[in-house]
Amino acid sequence: MSEHIESTPEVTQNSTEGQLVVFALGEEEFGVDIHQVKEIVRMPDLTAVPKSPEYVAGICNLRGKVLPALDSRNRFGLKKREVTEDSRLLVVETGGNATGLIVDGLREVMHINDEQVAPPPAVCKGIDRGFLSGVVKKDDDKRLVLILKLAEVLKIEDEGPAAAQDAGGRAGAGPASETVKEEVEDDEQLVSFHISDEEYAFNIDSVREILRVSEITEVPNVPAYIKGVITVREQLIPIIDLRLLLGIDELIAGNIIELEMIVKEHRQWLVDLEQAIEGGEQFTGALEPAHCAFGRWLVANPALVENELFRELRPRHTVFHELGHELLDLAATDQETSLSRFKDELIPQGKDIIDSLERLKVDISAIIKNNQRIMVVENGTLFMGFLVDSVKEVLRLPKALIDAPPWNISSGHREVAGVAKIDEGRRLIMIMDEKNLIGEKESVMLDEIKQNKEQDNPDQSQTLAEQSLVEEQLVTFFIGEEEYGVKIMQVQEINRLEEITSVPKAPEFIDGVTNLRGNVIPVMNIRKLFGREEREKDDRTRIVIVDIAGKKTGLRVDRVNEVLRIPKSDIDDTPPIVAGSDAARFMEGVCKLDGGRRMVMLINVQQILGADELETFNEMDGKKTPPKAVEKAAGKVKKPVGRKKMKIAE
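Numbering-wise (our numbering), the sequence shown opens with residue 84 and increments by one.
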């Protein structure tokens, strides 16, 4: 909620009176010419900007505009204080740029005249005299209000190379080495996904984007695998359940049936184990947790394992089986103790496991839908959305690791274009040919469905291909609570973070190196690079593989969120108060999503290292940084050479 301000003539050297908006920072009072105050709002949520000046608290969305916010206490060298109910954001404007000043509270709108304004004092409790244009003395000089010189307060202190860098120097993905170009030609880039316990992939050139599952509008008189249509930025996309198309059971109904069988098996497991302990009968049930129905089901549904409910249940299930195994062994020497512990310990654990499985039957639909994705794939002039169990990763593979499909697959299943062999053949990915997934008859039917639906909306004439000219496609990830985006043309693949080997005398922001299919790549810790607090890795930690100065590099991030397309009109320029800082080197703008409620900072990974950082980074493998790369990091390259653009979606 903003607070309305009525104003009278501006305070200038030629005026005899004017008005100040007076605010407090602790015991000190400051005044700003009312004509420079646009509005006053309650404190919004702020998104921190990495490597910006310390006094830049962050950025926020104010009615569709990206607004930088300054910590006034920090700027004036005052003691830090937490935001309270009285805190406000004073939105001021100077030089055509709006900025928010965080203040402890508002006091009044004060009428003043020239006689009450004196020059600023030589010393004022550590506040830079250059920030002040004067002081108002009230109540027989007992009350002093310091008048701010906003142009100086909002002036960026460090106008080094980053500030001098023009937009052209930040926007492009600079030149790559000849070696990297050759690698691009010899590699295949894929987006892999799960259907049941099998891994499939589409060539990334065919994938337009990947969406979360939203409401699907059903279409009558179509095959079961056609789930209906959705609207994507005013375009209708037919949705195909890839499970049903490949002859695999429907995901939700099939999993509910399996969970019912798992509950039944665990009940019988307890009955059989008790009889084996009590009567000495041979126990034929699964003692190893991985061999029981639930263990096998987890292996067949890898995407579900990451859900919190499953992560919490899995260790309890393991303990349950281990205790059963222990009691069965104990029965051979001490039947009485074994039976007593069975009733006192194992029965309650079993009941707890079964109750959890029963709850999962209720929750499984929401869990599955949260993991499912719609992969929008281009097939000629038709865009189709394939419903898959989950998306695994974006990966780049040498073409030498991709074999033609075996004769027993290729003879009857033209939808398989090849088989990728990873981890020395232990992991196989079937690469799908979207052109052969749907036959000509089905393609005509899907096109007719789309056209019939569009007759109700004749204005929706712009194709997705046309929209891509005015859109950007990004990979977004989180560092703590802040969300960042990288243009997808800069991302080579996304992987889980495996074992890292430390490197002596490596730069502080380098965690070490990791093995990526036989290639040793450095892992850059974005938290350290951005001056964030360190955090242990977990099962959501990922490395985003990019090219920095011709070197394949992994960016360690807390978690990857999604791949999305946004209109270029929803990307605002970097705020001027930030554009003059070190952050300007790599910040390309601020993306406003969900009506401005969500903000994503767009960064250029080619510029993420400064000149000194780039120098030490290249010294890791004995390479000397090329002079142009150093100049580029320092923001002196005006027009980068175009790099081969990779057409990828999510």
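In this text, a Cβ means the ideal position worked out from N, Cα and C, and glycines have one as well.
Option in the options with minimal Cα separation from residue i
i: Leu692; options: Lys675, Ala666, Leu685, Gly678; result: Ala666
i: Arg226; options: Glu110, Ser664, Glu617; result: Glu110
i: Arg509; options: Lys134, Glu281, Ser439; result: Glu281
i: Glu168; options: Lys162, Glu176, Leu189; result: Leu189
i: Val661; options: Pro127, Leu150, Arg125; result: Leu150
i: Val574; options: Leu353, Gln556, Val346; result: Gln556
i: Asn602; options: Ile514, Val553, Glu671, Ile505; result: Ile505
i: Gly101; options: Gln119, Gln432, Ala107; result: Gln119
i: Gly160; options: Arg212, Ala487, Glu271; result: Arg212
i: Cys674; options: Glu702, Thr597, Glu554; result: Glu554
i: Val499; options: Val105, Ile299, Ala284, Lys588; result: Ala284
i: Asp530; options: Glu517, Ile450, Pro321; result: Pro321
i: Leu484; options: Ile299, Arg600, Ile278, Ile230; result: Arg600
i: Gln318; options: Gln272, Gly468, Glu122, Ala589; result: Gly468
i: Ala369; options: Gln351, Asn384, Tyr138; result: Gln351
i: Met607; options: Glu671, Lys452, Ser279, Leu697; result: Leu697
i: Arg479; options: Ser448, Val586, Ile577; result: Ile577
i: Ile734; options: Asp630, Asp621, Asp622, Gln432; result: Residue 734 lies beyond the residue range present for the chain, which begins at 84 and ends at 733; the question has no answer from this structure.
Chain B within 8 angstroms of residue i, Cβ atoms only
i: Phe159; result: No chain B appears in the structure shown, which is made up of a single protein chain.
Buried or exposed (CB count within 10 angstroms, at least 16 for buried), residue i
i: Asp472; result: buried
i: Gly363; result: exposed
i: Gly637; result: buried
i: Ala414; result: buried
i: Ile430; result: exposed
i: Gln365; result: exposed
i: Glu301; result: exposed
i: Gly147; result: exposed
i: Pro650; result: exposed
i: Glu371; result: exposed
i: Gly522; result: exposed
i: Leu103; result: buried
i: Glu341; result: buried
i: Val527; result: exposed
i: Gln358; result: exposed
i: Ala487; result: exposed
i: Lys588; result: exposed
i: Met344; result: exposed
i: Val354; result: exposed
Extent of the continuous alpha helix (DSSP H) run through residue i
i: Asn453; result: 430 to 454
i: Glu122; result: That residue, Glu122, is in no alpha helix (DSSP H); its beta strand (DSSP E) goes 120 to 125.
i: Gln418; result: 418 to 424
i: Thr367; result: Taken as a continuous stretch (DSSP letters only), Thr367 belongs to no alpha helix (DSSP H), as it is neither H nor E.
i: Met344; result: 334 to 362
i: Val402; result: 391 to 414
i: Arg379; result: 376 to 383
i: Ala694; result: 694 to 701
i: Arg326; result: 325 to 328
i: Val236; result: 233 to 236
Residue i: first and last residue of the uninterrupted beta strand (DSSP E) it sits in
i: Ser585; result: Careful: Ser585 lies outside any beta strand (DSSP E) and carries neither H nor E.
i: Glu518; result: One detail in the question is off: residue 518 reads as Lys in this sequence, not Glu. Element bounds for Lys518: not the beta strand (DSSP E) but the alpha helix (DSSP H), 517 to 520.
i: Lys611; result: Premise fails: Lys611 lies in the alpha helix (DSSP H), 609 to 612, not in any beta strand (DSSP E).
i: Asp154; result: 148 to 154
i: Asn578; result: 574 to 579
i: Val569; result: 565 to 570
i: Arg668; result: Counting along the chain, Arg668 falls outside any beta strand (DSSP E), and DSSP gives it neither H nor E.
i: Leu184; result: 180 to 186
i: Thr314; result: 309 to 315
i: Thr597; result: 593 to 599
i: Glu176; result: 171 to 177
i: Val305; result: Unbroken run through Val305: none, as it is neither H nor E.
Rounded Cβ spacing between residue i and residue j (contact assumed at less than 8 angstroms)
i: Arg625; j: Leu580; result: 6 angstroms
i: Val459; j: Val228; result: The Cβ separation is near 59 angstroms, so there is no contact.
i: Leu422; j: Ile360; result: 5 angstroms
i: Asp187; j: Arg164; result: 7 angstroms
i: Gly627; j: Phe669; result: Inspection of the sequence shows that residue 627 is occupied by Val rather than by Gly. Contact flag wrong, Cβ pair sits at about 14 angstroms.
task: Indicate whether the contact test is met: 3 or more Cβ pairs, each with one atom in the stretch 277 to 293 and one in the stretch 643 to 659, closer than 8 angstroms.
output: The stretch 277 to 293 vs the stretch 643 to 659: in contact.
query: Are the stretch 395 to 408 and the stretch 432 to 440 touching, with three or more C-beta to C-beta distances below 8 angstroms?
result: In this structure the stretch 395 to 408 lies against the stretch 432 to 440, because at least three pairs of beta carbons, one per stretch, are closer than 8 angstroms.
- request: Examine the Cβ distances between the stretch 327 to 345 and the stretch 418 to 433 and report whether three or more of them are shorter than 8 angstroms.
  value: As far as the Cβ criterion goes, the stretch 327 to 345 does not touch the stretch 418 to 433, which means the pair count is below three.
- request: Would you check if the stretch 580 to 594 and the stretch 100 to 114 touch, i.e. whether three or more CB-CB distances between them fall below 8 angstroms?
  value: With a cut-off of 8 angstroms on Cβ pairs, the stretch 100 to 114 is not in contact with the stretch 580 to 594, counting fewer than three such pairs.
- prompt: Counting Cβ pairs, one atom from each stretch, are 3 or more of them under 8 angstroms apart for the stretch 612 to 622 and the stretch 133 to 147?
  reply: Taking 8 angstroms as the limit for Cβ pairs, the verdict is that the stretch 133 to 147 does touch the stretch 612 to 622.
Touch test, the stretch 414 to 424 against the stretch 308 to 318, Cβ-Cβ under 8 angstroms, three pairs minimum: By the C-beta criterion, the stretch 414 to 424 is judged not to be in contact with the stretch 308 to 318, since fewer than 3 inter-stretch pairs fall below 8 angstroms.
- request: Report yes or no: do three or more beta-carbon pairs, one from the stretch 692 to 701 and one from the stretch 161 to 179, lie closer than 8 angstroms?
  value: No, the stretch 692 to 701 is not in contact with the stretch 161 to 179.
- prompt: Between the stretch 462 to 472 and the stretch 558 to 576, do at least 3 Cβ pairs fall closer than 8 angstroms?
  reply: Short answer: they don't touch.
task: Check whether the stretch 142 to 162 touches the stretch 669 to 686, taking contact to mean three or more Cβ pairs, one atom from each stretch, closer than 8 angstroms.
output: Enough Cβ pairs lie closer than 8 angstroms, so yes.
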